[in-house]
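Below is one structure, written out as structure tokens, with a few remarks after it.
Protein chains: 4
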Amino acid sequence: MSRARGRLGVAVVGAGYWGPNLIRNFRASEDWDLVAVCDLDTERAQRVLGERSGVAVTDSLAEVLAREDVDAVAIATPARTHHDIAARALRAGKHVVVEKPLADSGDHGRAMVDFAAEQGLVLMADHTYCYTPAVIKIRELIESGQLGEILFIDSVRINLGLVQPDVDVFWDLAPHDLSILDYILPGGLRPVGVSAQGADPLGAGKSCVGYLMMPLEGGAMAHVHVNWLSPTKIRQMVIGGSQRTLVWDDLNPQQRLSVYDRGVDLVQQSVDQVDRRAATVSYRLGDTWAPALPETEAIGGMVAEFASSIRTGRPSRTDGRAGLRVLSVLEAAGRSLAAQGVLVDAGASAVDRQAVS
Amino acid sequence: MSRARGRLGVAVVGAGYWGPNLIRNFRASEDWDLVAVCDLDTERAQRVLGERSGVAVTDSLAEVLAREDVDAVAIATPARTHHDIAARALRAGKHVVVEKPLADSGDHGRAMVDFAAEQGLVLMADHTYCYTPAVIKIRELIESGQLGEILFIDSVRINLGLVQPDVDVFWDLAPHDLSILDYILPGGLRPVGVSAQGADPLGAGKSCVGYLMMPLEGGAMAHVHVNWLSPTKIRQMVIGGSQRTLVWDDLNPQQRLSVYDRGVDLVQQSVDQVDRRAATVSYRLGDTWAPALPETEAIGGMVAEFASSIRTGRPSRTDGRAGLRVLSVLEAAGRSLAAQGVLVDAGASAVDRQAVS
Amino acid sequence: MSRARGRLGVAVVGAGYWGPNLIRNFRASEDWDLVAVCDLDTERAQRVLGERSGVAVTDSLAEVLAREDVDAVAIATPARTHHDIAARALRAGKHVVVEKPLADSGDHGRAMVDFAAEQGLVLMADHTYCYTPAVIKIRELIESGQLGEILFIDSVRINLGLVQPDVDVFWDLAPHDLSILDYILPGGLRPVGVSAQGADPLGAGKSCVGYLMMPLEGGAMAHVHVNWLSPTKIRQMVIGGSQRTLVWDDLNPQQRLSVYDRGVDLVQQSVDQVDRRAATVSYRLGDTWAPALPETEAIGGMVAEFASSIRTGRPSRTDGRAGLRVLSVLEAAGRSLAAQGVLVDAGASAVDRQAVS
Amino acid sequence: MSRARGRLGVAVVGAGYWGPNLIRNFRASEDWDLVAVCDLDTERAQRVLGERSGVAVTDSLAEVLAREDVDAVAIATPARTHHDIAARALRAGKHVVVEKPLADSGDHGRAMVDFAAEQGLVLMADHTYCYTPAVIKIRELIESGQLGEILFIDSVRINLGLVQPDVDVFWDLAPHDLSILDYILPGGLRPVGVSAQGADPLGAGKSCVGYLMMPLEGGAMAHVHVNWLSPTKIRQMVIGGSQRTLVWDDLNPQQRLSVYDRGVDLVQQSVDQVDRRAATVSYRLGDTWAPALPETEAIGGMVAEFASSIRTGRPSRTDGRAGLRVLSVLEAAGRSLAAQGVLVDAGASAVDRQAVS
């Protein structure tokens, strides 16, 4: 690529809820030159850019894709449009990053991943949380073995949210939790099953409260609670390990991560009587440690990773296959919901099969 | 009862974990005269009472039950012994209050309830939380209609707990949540089904992490998360209503209850297009209100209720049937766990059938 | 003014710490057209504006002041330069808003206020906190009498701050607290005296920890704690009133304001014995109420107020005289510090004398 | 002492607010035998002890002091009575522990200390906080040098308190803070001066809001805020050190102590220009560490220390001289208050002079 040392040109498609964040970060990045913004509502796009801006504004995707100074496209439109826009961009030879979730179905996602591979272009999921200092540190702590074996993960993401017209609370909020799990678990998110329960107490025609249970290999359990109807906002993940346990409270900027040197150990002994089990459990009540975290904006890290992936040709940290693993669990959750919460296969093998094809 | 105007005599059976709390409160009560404490470990019992105490200490239940000055017995022993001790006490003509859970099985619980009814004696479950100012206020708020219709209830009760030798985390911790739900829901806890998922990542031979989902009538959902392995302690319940939503944070003594005048309304309109649904949802973002709560000790309220129930003959606020409804859900949870989380019948009808027999 | 219906043109002077916030908000405002940014470091200014921006960048103040499309100047440079830059701008016929504190001395501040009055131009202090929804609500609550008479105000503003080269912690942080007090107290901040204590435990040559005590009329007391050396960040103000007490915790976005219907009343009785005083005190332990606050950015409100003041000719909510009252207390604090904390006159009369001259 | 291996006999004088806590802890202690409780209101005393108690109840101090099985007396009466009761007890050959403050004046306190020394008996102040795990850990951290040199200490102790009939808020609440400072500072609390400001906005005839500033040797500053009129309860101490800073939040049982490896360093360089000072400051933004603390009751530790001091003859951790240092600061605060907050001598030398006489 001729501009490997210079800036890469990017166009943002969609200037609604998420687009302005992408616009701000591409603008502030040393890697990127924001060339154009595309939205059906060009007035809104112009308002986001401000007066006296030299960035092109258009409602024509074709026009954007025809520009030679556009190397990459960032898609921030409703999920049901991701596949078509991405396909057109890839066909035009542009690298693509897509707001979560990658697509509105596993089939669409797989088609996108396969097509990008054929074209030799980067396809990346904007799993923003994976670029936060907190999540990066959590991954390090797990990888280094400081938490020991993972025993359970409990994630809560609730607030008074916008009831979405075309997706339920699982498809709206759970991609955050699932993409984080995919990033921090060694080997990615590959549950042995998925069970989901949802509630629609308003009669909105879709789940507004949702619970996802995912048994993991080795007896561990991951659980996700997503909820649009809670007046109080909670963003908390507890990761229990055999050595230490970590609590991530994303709404406490003064101490987002706490690592507790506390836990329960099961000492294996020969037990010759009933009721002697309790004697074989021991507790650690050690100190708590809160690692210092830099205050950097996650989207800035994401756009840097996108540039780096394009320049070096290596898969990005949250590539299309990561996006597929998230879709795979979402689709399994839908099947479980339809069957009253029964544990269903997560279809991880399907992800892998496609990934190698 | 000849002593209706004087004090009632009580004996506490079991001076281990919970017994000392009962001892302290019966001692401090104007209604009661603590006559005796019974524990196999009489030294421990004496230590709890202190030197220079005139309360009788014994390791013989028979001796306690033979005393004429003992009107009632409070049982604070392991759940598997509740049925036998209660049966002996009832046979001896004593009123009985039992630490939660009422019994170690629904059959045992039903036998206790039936036998107390036959004998015309009070059988009460020590569902302590139902006597806290917070829970009493929650019940009032629901009853008065201030929350509107209940949409969802999410209860979290996690901490580094003692892994129990003979029960799993559901039987150890969930009785608290279930008894609270039974008390605050109009008509008591009668879920249309129960689904449970548990994890035993330590290989302890029982669930140490547990999730209970209970669809309620009208599309609402109650969910309980209990966990022995969390280094951080959370005791929080969110009750979403169609008018207001309530958050109970029991570890925040300065503001245990918060009532949010916020929520989502679904406005029913004629909708002639796809995707018009979002337009029919409206949000309220009103003030928050935290009712003042008295600082009274719950067990004190419980022992007063026990006395009042004995004196007036009316069922206590947490009578044996409330205990049975809790057992019924615990047993359903066990059946669901054994069937990989499938939704099972909660057996509420069985509770009622017994209750009228 | 010919452009009363159109946008006003503004130039921002200083693109360092605070300037970028002004730039962002003037850019996003419907009232303003950001015409130019002036900074000695033009590269920094350009970086803040981003590539493809049409806003002029210059290191020449003269150039900015010569532009006809510049109606107003926003000054975000070190305090010691405020007077000279403001004087030049006013001389050029531009309205002026100045970052807090208004000036580096009372004399400089008074000269600025007087000169703006002579020229018939707006001079405004950017007391940003006075445009936050929380402070606006606090003023309303005090004005409406809901808190009753003010009994005490305690403000804490501590964090690990940048030790400034040319000012101490009072001049760096206390302008926030003082400008808030000036805005919420009926009649503005006019203490009957000022006492200050500071500590310089690092030997930095200036106070890094500071305490300000300000007796108010009627026996009330205002106290401010500012501190650059605290690793933990606190931004909290308690306002005790005879009817209700308010707590503002600015770091708790979920409940910034809490109004407690609690307090102490002194019942005046004929007291004929020593030690009967306690009997005449009564306590209220009522509910807590947290008003909903909009999530609007304060600087946006400030730039709108600046435009409105220019267009209507009325004094702005935080005009030059408000800035003077803050300077007056800061100077009194310096005199008290030099005299080991003795209570000194706050010089409010001096403020008023100048204001009418 | 003949009973050195057996239990010591103790009588509690005063069964009002604090007495019941002492009664409970002496009763539960292995070191002590609670022999008698003395209160003018014998019914109240009996109610605290409960029915069926064998502990003597009396309203006669003479009767208590005449008992041979009483080795020591614990005084929990109003401060103005401490001196007389203690003097009678010491005259009767009893060891004495006194609720804080030690006495109602420095003269009274010194007389008590001197008389106890003459009699060869233990005189101890019940500075309860000095027996909490948190304060013990703070002392260790300072002593070990982990915090470095102390730069500042800021203590806040505010809540809706009982307006006392005979003392102001300084004498009611500040003894807690001062006794803690005395315990944790190497060499005890010996400020180079004391400045106090108080407010009486209710017209109660005494300060209900108080601020104490105490410059310490080496440029450090200790500050205490006590307040009876705050509807919100804060119990927080920040201890800034040159190496690390510690925050003690006593109302956060899950993390009472946080040690921040953050701070500001002043690098001494040759500075040849004005305004180069800023360049010589550096910041550390390291991790946070929260030491695990045992959950033990402070009064239990205090009664054990009392017994140990009696048995070994060594001064107790909070002996009479510690109590005197606290009184010395309280009296200095009174002098400063009377002189509008001027810095006055703390009279530490007077304490020492008495102490060696």
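Chains as they are written, first to last, in this note's numbering: chain E, 1 to 357; chain S, 1 to 357; chain B, 1 to 357; chain D, 1 to 357. Glycine included, every Cβ here is placed at the ideal spot set by N, Cα and C.
Integer-rounded CB distance, given that residue j should sit under 8 Å from residue i
i, j, result
"S/Ala74", "S/Val12", "5 Å"
"S/Val362", "S/Val70", "Since the first and last residues shown for chain S are 1 and 357, residue 362 of chain S lies out of range."
"S/Leu327", "S/Gly109", "5 Å"
Contact set for residue i: own chain, Cβ-Cβ below 6 Å, skip 5 residues either direction
i, result
"E/Ala355", "Only weak support exists for where E/Ala355 lies, its pLDDT of 42 falling under 50; the coordinates are left without a value."
"S/Gly334", "none"
"E/Ala298", "Thr128, Tyr131, Thr132"
"D/Gly19", "Val12, Ala76"
"D/Asp261", "Arg244, Gly286, Asp287"
"E/Asp59", "Leu40, Thr42"
"E/Val122", "His95, Ser309, Ile310"
"S/Ala279", "With a pLDDT of 42 at S/Ala279, under the threshold of 50, the modelled position of that residue is not reliable, and the figure given next carries that caveat. Excluding residues within five positions, none has a Cβ falling inside 6 Å."
"B/Val226", "Arg157, Val169, Leu173, Ala174, Gly210"
"D/Val271", "Any reading at D/Val271 must be qualified, since the residue scores a pLDDT of 43, below 50, and its modelled position is unreliable; no value is offered."
Pair within 8 Å by beta-carbon distance, residue i and residue j
i, j, result
"S/Val113", "E/Val342", "no"
"S/Val167", "S/Ala125", "no"
"D/Met214", "D/Pro191", "yes"
"S/Leu330", "S/Phe170", "yes"
"S/Ser155", "S/Asp177", "yes"
"B/Lys434", "B/Leu251", "Coverage of chain B is limited to positions 1 through 357, which leaves residue 434 of chain B absent and any answer about it impossible."
"E/Val238", "E/Ala174", "no"
"S/His82", "S/Leu61", "no"
"B/Gly54", "E/Ser53", "yes"
"E/Leu229", "E/Leu147", "no"
"D/Ile184", "D/Arg139", "yes"
"D/Gly263", "D/Arg284", "yes"
"B/Val64", "B/Trp32", "no"
"B/Leu8", "B/Gly198", "no"
"B/Gly218", "B/Glu149", "yes"
Close beta carbons around residue i, own chain, < 8 Å, minus the five adjacent residues each side
i, result
"D/Ala204", "Val163"
"D/Arg44", "Ala15, Gly16"
Those residues which DSSP pairs with residue i across a bridge
i, result
"S/Cys38", "S/Val13, S/Thr58"
"B/Glu68", "Answer is none; B/Glu68 lacks a bridge partner."
"D/Met302", "According to DSSP, which records beta bridges pairwise, D/Met302 is partnered with nothing at all."
"E/His95", "E/Ala72"
"E/Phe152", "E/Met221, E/Gly240"
"D/Ala196", "D/Leu212"
"S/Leu246", "S/Ile239, S/Val259"
"S/Tyr53", "The sequence shown places Ser at residue 53 of chain S, rather than the Tyr named in the question. Per DSSP, D/Ser53."
"B/Asn227", "B/Ile158, B/Val209"
Nonlocal neighbours in the same chain, by C-beta distance under 7 Å from residue i, ignoring five residues either side
i, result
"E/Val274", "A caution first: E/Val274 carries a pLDDT of 41, below 50, which makes its placement in the model unreliable, though a value can still be read off. No residues qualify anywhere along the chain."
"E/Leu151", "Ala220, Gly240, Gly241, Ser242"
"D/Gly14", "Asp39, Ile75, Ala76, Thr77"
"B/Phe115", "Ala87, Leu90"
"E/Arg353", "Note that E/Arg353 has pLDDT 46, beneath the 50 cutoff, so the model's placement of it is unreliable and no number is given."
"D/Leu181", "Ile153, Leu189, Ala222"
Alpha helix (DSSP H) segments (min. 4 residues) lying fully within the region 107-143 of chain B: 133-143
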